[in-house]
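Asks: Just remember that the numbering used here sits 2 ahead of the position in the sequence shown, which is counted from 1.
A single structure is presented below for examination.
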Amino acid sequence: MATRPKMDEELKEINKKVIEMAALIEETIRSSIKSLKEKDVELARKIIDGDEKIDDMEDEINSDCFKFLATQSPLAGDLRYCISIMKMIRDLERIGDHCEDLAKYTLRLESQEYYKELIDIPRMADMAARMVSNAIRAFVEKDLRMARKVWKSDEEVDELFRYIYEEQLDIAEKNTENARTAISFAFVAAHLERIADYATNICEETVFSLEGRYRMAL
């Protein structure tokens, strides 16, 4: 059986890679909306091309986790923690996929005139990005209080999503000239709402890794 210091060192290295992946994801969320707001096609293409790096990071962390499980034979909390990491990075990879989809909207709307400045969508993106960042921080620092706070903040994102979605559909119905852009913005908001949902999944993994259950008691 491996010594505790050896296990801690390997988990520390895995945590480091998870933090790096999460930082890249947070940056990608913000960049994808920046590309849309500024119609930055070059940045959008960079995001799309960069999705492969996110996939590679997931594969590398998964490989490290499988090695840890095979060589260290972790029990109880360490086992739950490692399993939670594997589930969590899958969610991070899926967030990366949503960012790729967001960047594609920049390409689709490149020739379209925006009928208003984007304000609420970037605000929603900032909220979702913060949720992801704080959810990862809560997991690594084993902070249940923070995890529950992040999980609860999803209600604010959902409320803003409903406002944006209904507003854009209303615009699409009343103004056919702006319908394509409005519908696209509605789908953009839906992607951001899903990203926030993945952040709540990470919070639930924090609870599971520490308490062995998924119930988010507030």
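Heads up, the beta-carbon is just placed ideally off N, CA and C, and yes, glycines get one too.
For clarity, every value in this text was computed on a predicted model and none was experimentally measured.
Spatial neighbours of glutamate 62 within its chain, please: CB distance less than 8 Å, with the 5 preceding and 5 following residues excluded, ordered by chain position.
Replies: These residues qualify, in order along the chain: Lys19.
Asks: Excluding the 5 residues preceding and the 5 following arginine 147 in the sequence, name in chain order all residues of the same chain whose CB lies nearer than 7 Å to its CB.
Replies: Same-chain partners within the cutoff: there are none.
Asks: Could you tell me how far apart the beta carbons of valine 134 and glutamate 28 are, in whole angstroms, since I believe they sit closer than 8 Å?
Replies: Indeed they touch by this definition, with Cβ atoms about 6 Å apart.
Asks: What residue does the alpha helix (DSSP H) around asparagine 203 start on, and which one ends it?
Replies: Segment 181–213, the alpha helix (DSSP H) holding asparagine 203.
Asks: Closest by CA to methionine 90, which one among Ala72, Lys41 and Met23?
Replies: With distances taken between Cα atoms, methionine 90 lies closest to Met23.
Asks: Closer than 6 Å by C-beta to isoleucine 185: which residues in its own chain qualify, once you throw out the five before and the five after it? Chain order, please.
Replies: Same-chain partners within the cutoff: Ala174.
Asks: What does the Cβ neighbour count give for serine 37, buried or exposed, with the cut at 16 atoms within 10 Å?
Replies: Buried, since its Cβ has 16 or more Cβ neighbours within 10 Å.
Asks: Would you check if the distance between the CB atom of alanine 137 and the CB atom of alanine 201 is smaller than 8 Å?
Replies: Yes, they are a contact pair.
Asks: Determine the closest residue to aspartate 160 out of Glu169, Glu119 and Leu194, with distance taken between C-alpha atoms.
Replies: Among Glu169, Glu119 and Leu194, the Cα nearest to that of aspartate 160 belongs to Leu194.
Asks: Would you kindly work out how many angstroms separate the C-alpha atoms of arginine 92 and isoleucine 197, rounded to a whole number?
Replies: About 12 Å.
Asks: Can you tell me whether DSSP reads proline 124 as helix, strand or coil?
Replies: Three-state DSSP puts proline 124 in a helix.
Asks: If I follow the unbroken alpha helix (DSSP H) through aspartate 156, where does it start and stop?
Replies: That run of the alpha helix (DSSP H) goes 146–176.
Asks: Do you know offhand how far isoleucine 21's Cα is from phenylalanine 141's?
Replies: Whole-angstrom Cα-Cα distance: 10 Å.
Asks: Is the CB-CB distance between isoleucine 166 and methionine 129 below 8 Å?
Replies: Their beta carbons are not under 8 Å apart, which means isoleucine 166 does not touch methionine 129 by this criterion.
Asks: Give me the residue from Glu95, Asp42, Lys151 and Ile35 with the minimum Cα distance to serine 113.
Replies: With distances taken between Cα atoms, serine 113 lies closest to Asp42.
Asks: Is threonine 208 near alanine 149, with beta carbons less than 8 Å apart?
Replies: Yes, Cβ-Cβ distance for threonine 208 and alanine 149 is below 8 Å.
Asks: Do the CB positions of isoleucine 16 and cysteine 101 come within less than 8 Å of each other?
Replies: No, the pair does not count as a contact, with Cβ atoms beyond the cut-off.
Asks: Where does alanine 105 land, buried or exposed, given buried means 16+ other C-beta within 10 angstroms?
Replies: Buried, since its Cβ has 16 or more Cβ neighbours within 10 Å.
Asks: With a 10 Å radius around its C-beta and 16 neighbouring C-beta atoms as the bar for buried, classify glutamate 12 as buried or exposed.
Replies: Classification of glutamate 12: buried, given that the 10 Å Cβ count is 16 or more.
Asks: Alpha carbon to alpha carbon, how far is alanine 46 from alanine 188?
Replies: Those two C-alpha atoms are separated by around 19 Å.
Asks: Applying the criterion that 16 or more other CB atoms from any shown protein chain within 10 Å of the CB defines a buried residue, is leucine 162 buried or exposed?
Replies: Buried, by the Cβ-count rule.
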